[in-house]
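Here the structure is laid out as structure tokens; the discussion comes afterwards.
Structure below.
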């Protein structure tokens, strides 16, 4: 590739793009190839940065003097000027609204323009044009990243910090490095920055020859942690940028060593068993559903549904006292699990295929089943039925005891039935510490608990370790959200946006950067038509983004196919809190 690799971009197909400054070109590798499939050159002068869209359009900093971003494709012989910036773009980014960003390091600013408008009018989104270290100023801004909320993160190179400029704000917040409000980590010349699916930071700390990352427990060194520069496999020298492939492997442009280093993901032990997808802010589903399963196939009153990452579908049928299982592509169940199940409500399936299901109609019990088992093993006694069941990434089992107005948990790694209360007082109420008939539950990778607070018409968020909830949707929420009527099910996507089964309104609603909106069942009435639901209970997504809903009073499972999801532009992955990388 020649000397001095600078920027690197890896798309969702694991195609790798690298700018080589000294060679004045872009080098492209397809997945699995060790030899480049393309060498793009011509009218490129000392290229710094690049960004690649889902359509394969390559936006690259192209001009060494006045500053310019050109658009290329793999097969083009010349680039098309798109943006004139008056200075080199140390980094380039395109957000979900098709706005192009340039980090003008020598001009101490970050600017943007819309790619949907034929104009070179630039908008300043960070920096004053003068070097400085106040909250409004930057000093040689380098790498940039814009998340799905349109918040801008800037690697503020000579200020030894990372600045967050919230959408529409010119006043930055220091989230890492010098003078951050909270204890973070000492940085020296941070140059590249990437965020994961939980908005945790991955920073190329160039002056310290390493990459550091944040998480719920703070910052730590990830790679290049030998405290010295060098050319050994565990060392870096003047690294510039990083990118992840879809497997979580980290690629770094090791600038002064004239190489690209790949640090393989060693462990990512928090892998979840369900599909946690990244949806665009304008994602939509077909208004008319297809019936995946009806009463003649599964019996009446389907309650909970779980779809794993292999798109195997599990459904609890209350009246039939069983669990029905479909493998991907099958229209008839491959398994009907029954025996010692009485009116089952909630279920959860692990990556190992263990099925945890609410089993007892009277005293309350969760059993563990496998597909081939003939009897379940009692795992948790709860004194009442579990409306919702979930397991977090630390292997803790949760039960939503709707009759007791509480959520309880126990570790599956300990042989004990000792239960810990994580939400609710045991008495129905609507204060921040109380619940009233809690239904569906969801625990994210930060161990925050979301509860569909059925009779309080709200969604409660209990941050990890807290017994006082925050109303994030419905009645009593601090911010304007949406009116709910008996919410029964809840799911989160990779950006922690909510998808709520609003049972009493016979619909599913969702949140996003622009607030809440109705997604399916939006006819304003219950019914059995293809665009209607009646008393829906739970929902789950398959790996393609299709939404499956237990349409309880219509005795059917409805599949709403994903219609549009046009905003995915690069690889954004979910990294576990406990991962390590190896050289």
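Residue numbers (our numbering): 206 to 788. Where is the CB? At the ideal position from N, CA and C, for every residue including glycine.
I'd like to check one pair, residue 370 with residue 386: are the Cβ atoms closer than 9 Å? In this structure, residue 370 does not lie closer than 9 Å to residue 386 by Cβ.
Endpoints, the alpha helix (DSSP H) within which residue 543 is located: No alpha helix (DSSP H) holds residue 543; the beta strand (DSSP E) holding it covers 540-543.
Let's test the definition: count the other Cβ atoms within 10 Å of the Cβ of residue 395 and tell me whether it reaches 16, buried, or not, exposed. Note on residue 395: 16 or more other CB atoms within 10 angstroms of its CB, so buried under the neighbour-count rule.
What does the alpha-carbon distance come out to for the pair residue 658 and residue 644? A direct Cα-Cα distance of roughly 6 Å separates residue 658 from residue 644.
Can you tell me where the alpha helix (DSSP H) with residue 225 in it begins and where it stops? Counting along the chain, residue 225 falls outside any alpha helix (DSSP H), though it belongs to the beta strand (DSSP E) covering 221-225.
Does the stretch 297-314 come close enough to the stretch 253-262 that 3 or more CB-CB pairs lie under 8 Å? Counting C-beta pairs with one atom in each stretch, the stretch 253-262 and the stretch 297-314 have three or more that are closer than 8 Å, which means they touch.
Roughly how far, in whole angstroms, is the beta-carbon of residue 552 from the beta-carbon of residue 541, given that I think they are within contact range, below 8 Å? About 14 Å; that fails the 8 Å criterion.
Can you tell me whether DSSP reads residue 212 as helix, strand or coil? Here residue 212 sits in strand by DSSP.
CB of residue 299 within 9 Å of CB of residue 450, strictly: The answer is no: Cβ separation not under 9 Å.
At 3 residues or longer, what runs of the beta strand (DSSP E) sit wholly inside the stretch 704-757? Fully enclosed beta strand (DSSP E) runs of 3 or longer: 712-717, 720-725, 741-746, 752-756.
Quick check on the burial criterion: 16 or more other C-beta atoms within 10 angstroms. Buried or exposed for residue 225? A residue is called buried once 16 or more other Cβ atoms fall within 10 Å of its Cβ, and residue 225 is buried on that count.
What ranges does the beta strand (DSSP E) occupy inside the stretch 575-635, keeping only unbroken runs of at least 3 residues that lie completely in it? Taking only runs of at least 3 residues, the beta strand (DSSP E) segments lying wholly in the stretch 575-635 are 582-586, 591-596, 601-606, 611-616, 625-628.
Do the CB positions of residue 285 and residue 276 come within less than 9 Å of each other? Taking 9 Å as the Cβ cut-off, residue 285 and residue 276 qualify as a contacting pair.
Looking at the secondary structure, which residues open and close the alpha helix (DSSP H) in which residue 500 lies? Counting along the chain, the alpha helix (DSSP H) containing residue 500 begins and ends at 500-503.
Starting from the N-terminal side, write out each stretch of the alpha helix (DSSP H) that is 4 residues or longer and does not extend beyond the stretch 439-517. For the stretch 439-517, whole alpha helix (DSSP H) runs of length 4 or above, ordered along the chain, are 500-503.
Let me know the secondary structure DSSP gives residue 759 once reduced to three states. Residue 759: helix per DSSP, three-state reduction.
Label residue 613 either buried or exposed according to how many other C-beta atoms from any shown protein chain fall within 10 Å of its C-beta, with 16 as the threshold for buried. Result: buried.
Step through the CB atoms of chain B and report whether any lies within less than 9 Å of the CB of residue 336. Of the chains in the structure shown, none is chain B; there is only one protein chain.
So what does DSSP say about residue 412, is it helix, strand or coil? Residue state, collapsed to three classes: helix.
What separation, rounded to the nearest whole angstrom, lies between the Cα atoms of residue 245 and residue 235? When only Cα atoms are considered, residue 245 and residue 235 end up about 14 Å apart.
Thinking C-alpha only, which one of 765, 745, 425, 262 is nearest residue 516? With distances taken between Cα atoms, residue 516 lies closest to 745.
Three CB pairs or more closer than 8 Å across the stretch 657-677 and the stretch 624-632: Remark: three or more beta-carbon pairs, one from each stretch, lie closer than 8 Å, so the stretch 657-677 and the stretch 624-632 are flagged as touching.
For the beta strand (DSSP E) containing residue 386, name the first residue and the last one. Careful: residue 386 lies outside any beta strand (DSSP E) and carries neither H nor E.
Taking the alpha-carbon positions, what's the residue 456 to residue 341 distance? The straight-line gap separating the alpha-carbon atoms of residue 456 and residue 341 is approximately 32 Å.
Do residue 697 and residue 655 have their CB atoms nearer than 9 Å? Between residue 697 and residue 655, the C-beta gap is smaller than 9 Å, which places the two residues in contact.
Grab me the residues of residue 691's own chain with a C-beta within less than 6 Å of its C-beta, minus the 5 sequence neighbours each way, in chain order. If the five residues before and after residue 691 are omitted, its C-beta is found closer than 6 Å to the C-beta atoms of 659, 708, 709, all from its own chain and listed in chain order.
Go through its chain and collect everything with a Cβ distance to residue 208's Cβ below 6 Å, but skip five positions before and after it. Apart from sequence neighbours up to five positions away, the residues of its chain that approach residue 208 with a beta-carbon distance below 6 Å are 227, 463, ordered along the chain.
Bridge partners - residue 561, DSSP secondary structure assignment: Beta-bridge pairing links residue 561 to 553, 573.
On the CB-based measure, 16 or more other CB atoms within 10 Å of its CB, does residue 295 come out buried or exposed? By the neighbour-count rule (16 or more Cβ atoms within 10 Å), residue 295 is buried.
The beta strand (DSSP E) enclosing residue 244, as first and last residue numbers: Run containing residue 244: 243-246, per the beta strand (DSSP E) assignment.
Using a Cβ-Cβ cut-off of 8 Å (strictly less than) and excluding sequence neighbours within five positions of residue 632, which residues of its own chain qualify? Result list for residue 632: 610, 639, in chain order.
Roughly how many angstroms separate the alpha carbons of residue 291 and residue 446, rounded to a whole number? Each residue's Cα considered, the two are about 23 Å apart.
Can you give me the Cβ contacts of residue 230 inside the same chain, cut-off strictly under 7 Å, excluding the 5 residues immediately before and after it? Take residue 230, set aside five residues on each side of it, and the residues of its chain with a beta-carbon closer than 7 Å to its own are 244, 245, 246, 249, in chain order.
Residue 399 beta carbon less than 9 Å from that of residue 382: Against a cut-off of 9 Å, the Cβ pair of residue 399 and residue 382 comes out as no contact.
With 16 as the cutoff for other CB atoms within 10 Å, does residue 169 come out buried or exposed? Residue 169 lies beyond the stretch modelled for the chain, which goes from 206 to 788, so this question has no answer here.
Per DSSP, what kind of secondary structure is residue 319 in: helix, strand or coil? Strand.
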